[in-house]
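Each residue of the sequence shown is one higher than the one before, starting from 4 at the first, in the numbering used here.
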Amino acid sequence: MIFFYKIFQLIIYSNIYVSICISSLSAATAIMTNPNIEITEISTVTKFIFFSTLFTYNFHRFVRLKKLNPVKKKMDTV
4 MIFFYKIFQL IIYSNIYVSI CISSLSAATA IMTNPNIEIT EISTVTKFIF
54 FSTLFTYNFH RFVRLKKLNP VKKKMDTV
């Protein structure tokens, strides 16, 4: 049971869930706007959107945590 809870936390708190939702929404939009589009084109764009969303959300978390815990001046030189 703890194993599933850890996997659930990983998916939710690492923003994988958000990235999956955004990439699937973009794939559905691409299919609806152009039904003759090839799957390879959709998968390339969807992968790009997935990883860019994941990177952006995690980068925002990193910047926010860094602002909340500023490093002391004497530790900057180390």
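Just so it is clear, CB atoms sit at the ideal spot from N, CA and C, and this is done for glycine as well. As the structure is a prediction and not an experimental result, all values here were calculated from the model.
- Between S17 and S55, the alpha-carbon positions lie close to 13 Å from each other.
- S29 carries a helical assignment under DSSP once its states are collapsed to helix, strand and coil.
- For I14, the uninterrupted alpha helix (DSSP H) run begins and ends at 5-16, by DSSP.
- Between S22 and F62, the CB-CB gap reaches or exceeds 7 Å.
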